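Everything on this sheet refers to the single structure shown next.
Residue numbers (this note's numbering): 61 to 619.
Shown next, in the form of structure tokens:
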């Protein structure tokens, strides 16, 4: 007869067999048997992070880098709910988080017992699947069922499209008892990896359609760095009938690729000859884009066809023109199109416009006083090649969108749900996993909101943080109506009196600040050369930032 905790002992072994390498554990009591089991498994690296919300985002950052499953473990009750923001983000980024939630047994739910709530399928809208284990495994059938549930859960998380799963683990008292010394060779279930391939007849139809259209626009959304995809993008960008657009978060760049779509379409949308830029065929690859002006343009100038490739959520009709979903990799379908057979001036029309924008851009940004814009300029100048640039949401990512993407950098931002709540924890997790130079650019609110990201023992010396402190949520000054908001501005911009220097000191990181324009270059240089994890706080003026941002786009629209 199996030990009543044999199923718990088998969980880490099943994880190892499914290539799990790291486990993030939020300390607690109800999850003690899980802690005993995971920390006893020598092949697993277990990290202890107290704040469940930060722990989950830290795990997300590891998964961003490794693209491998990462296990999360927490106690019962509201601890489970604190995982939710990161799980939602992982769902929309297609990252495989394995969420082990300790629970009370069924007979204790809704019985006024401590740290107890209804946990089954608690993340229902934001996971691929939810599993619940038997409370004990004293019968062979229960042990086999427990093993199968765990193996199936992990297999589900890592099967295409990847995503988070919940494994709810009810545990009866006594909690602090020994678990078995060894696993019982649990059965492992694996799905062989395979992607659908476009058949010969369908591929021929695509080729025919490709040749029919003389105005093709290819838009790359958020995507991990991919050399094969980048090569395809650059091949496409040499075609006279093809325009390739890629924001920095797509990690696609090259001489003929347009990486400043917000600037470009702000200008196009203000012009009188918008129809000149309308595509006949739109091809979208990857996840979402930030560029609002692009969305406005394409919704108002819909192409005859839109092909969608490499999107894990296939029925996303952002531009209201979706006609064809193409399964598999873009390199396998789009890479087989008949290139060099279509005459067109479509590409040259776009590139003439981007040349004008480049001149207006360079003229506007020169000699910028200390501001969020100046910080972004200086940082993009000085970041060493092969660094990771993690970006907080709201203004941080938007400022970088105004500048040509650097091919030698990797750009990352939590654009699954686009929240500010765990961006620094994500950056810390990525830096821990990659060991590569990682720079996190953030505003003051994002930093303060996620300051517990620094409350762990795994903040690596390779992590450098730049805080643009404009005393509030500056994004709302950019997008809101000043007159309309004037009587309630504090409820949008949320000015504060938090001393970031004191927060950084409390967590034991190095800190210095910058307030003068003539000090900005040396301050960024000092940060990037620092041997330890360091925070550079740069104080900027919110009114100047607003004038810069709005002035930039007024300048771009100059005829």
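Heads up, the beta-carbon is just placed ideally off N, CA and C, and yes, glycines get one too.
Bear in mind that the values here come from a model prediction, so they are computed numbers and not experimental data.
Collapsed DSSP secondary structure at residue i in the structure displayed
| i | result |
| --- | --- |
| residue 140 | helix |
| residue 572 | strand |
| residue 233 | coil |
| residue 253 | coil |
| residue 132 | strand |
| residue 294 | helix |
| residue 226 | strand |
| residue 283 | coil |
| residue 590 | coil |
| residue 112 | helix |
| residue 210 | helix |
| residue 490 | helix |
| residue 378 | coil |
| residue 412 | helix |
| residue 245 | coil |
| residue 118 | helix |
| residue 508 | helix |
| residue 90 | coil |
| residue 521 | coil |
| residue 172 | coil |
| residue 145 | helix |
| residue 180 | coil |
| residue 454 | coil |
| residue 63 | coil |
| residue 558 | coil |
Identity of the residues DSSP links to residue i by a beta bridge
| i | result |
| --- | --- |
| residue 597 | 527, 573 |
| residue 199 | According to DSSP, residue 199 bridges with nothing at all. |
| residue 82 | 105 |
| residue 276 | 302, 341 |
| residue 367 | 343, 384 |
| residue 404 | According to DSSP, residue 404 bridges with nothing at all. |
Where the beta strand (DSSP E) containing residue i begins and where it ends
| i | result |
| --- | --- |
| residue 500 | 498 to 503 |
| residue 450 | 448 to 451 |
| residue 163 | 157 to 163 |
| residue 470 | 470 to 473 |
| residue 192 | 189 to 192 |
Rounded separation between residue i and residue j - CA only
| i | j | result |
| --- | --- | --- |
| residue 78 | residue 577 | 52 Å |
| residue 516 | residue 132 | 15 Å |
| residue 306 | residue 293 | 9 Å |
| residue 86 | residue 130 | 14 Å |
| residue 282 | residue 248 | 33 Å |
| residue 522 | residue 590 | 9 Å |
| residue 198 | residue 519 | 42 Å |
| residue 258 | residue 272 | 20 Å |
| residue 412 | residue 489 | 42 Å |
| residue 80 | residue 176 | 29 Å |
| residue 449 | residue 554 | 26 Å |
| residue 438 | residue 232 | 57 Å |
| residue 239 | residue 93 | 7 Å |
| residue 452 | residue 127 | 21 Å |
| residue 445 | residue 588 | 12 Å |
| residue 122 | residue 187 | 18 Å |
| residue 295 | residue 391 | 11 Å |
| residue 635 | residue 586 | The structure shown does not extend to residue 635, since the chain is modelled only from 61 through 619, so no value can be given for it. |
Run of the alpha helix (DSSP H) containing residue i, from where it starts to where it stops
| i | result |
| --- | --- |
| residue 316 | Counting along the chain, residue 316 falls outside any alpha helix (DSSP H), and DSSP gives it neither H nor E. |
| residue 68 | 66 to 77 |
| residue 465 | No alpha helix (DSSP H) holds residue 465; DSSP gives it neither H nor E. |
| residue 219 | Element bounds for residue 219: n/a, residue is neither H nor E. |
| residue 360 | 352 to 360 |
| residue 327 | 321 to 329 |
| residue 441 | 432 to 442 |
| residue 481 | Run containing residue 481: none; DSSP gives neither H nor E here. |
| residue 620 | Because the chain here runs from 61 to 619, residue 620 falls outside it and cannot be looked at. |
| residue 614 | 602 to 616 |
| residue 238 | Neither: residue 238 is in no alpha helix (DSSP H) and is coded neither H nor E. |
| residue 312 | Counting along the chain, residue 312 falls outside any alpha helix (DSSP H), and DSSP gives it neither H nor E. |
Sufficient close CB pairs (3 or more, under 8 Å) joining the region 514 to 529 to the region 489 to 501: yes
Contact between the region 506 to 524 and the region 480 to 488 (3+ Cβ pairs under 8 Å): yes
Three CB pairs or more closer than 8 Å across the region 404 to 413 and the region 373 to 380: The region 404 to 413 is not in contact with the region 373 to 380.
Three-pair Cβ contact test at 8 Å for the region 224 to 233 versus the region 145 to 161: yes
Validate contact between the region 133 to 152 and the region 336 to 344 using beta carbons, cut 8 Å, 3 pairs: The answer is no - the region 336 to 344 does not touch the region 133 to 152, with fewer than three Cβ pairs under 8 Å.
Validate contact between the region 388 to 398 and the region 250 to 267 using beta carbons, cut 8 Å, 3 pairs: yes
Inter-stretch contact at 8 Å, needing at least 3 Cβ pairs: the region 568 to 576 / the region 592 to 608: yes
Given 8 Å, three or more beta-carbon pairs between the region 306 to 320 and the region 379 to 387: no
Touching by the beta-carbon criterion (3+ pairs, under 8 Å), the region 64 to 77 and the region 196 to 211: yes
The region 458 to 466 in contact with the region 420 to 436 per 3-pair CB rule at 8 Å: yes
Three CB pairs or more closer than 8 Å across the region 205 to 218 and the region 347 to 364: Per the Cβ contact rule, the region 205 to 218 is not in contact with the region 347 to 364 (fewer than 3 Cβ pairs under 8 Å).
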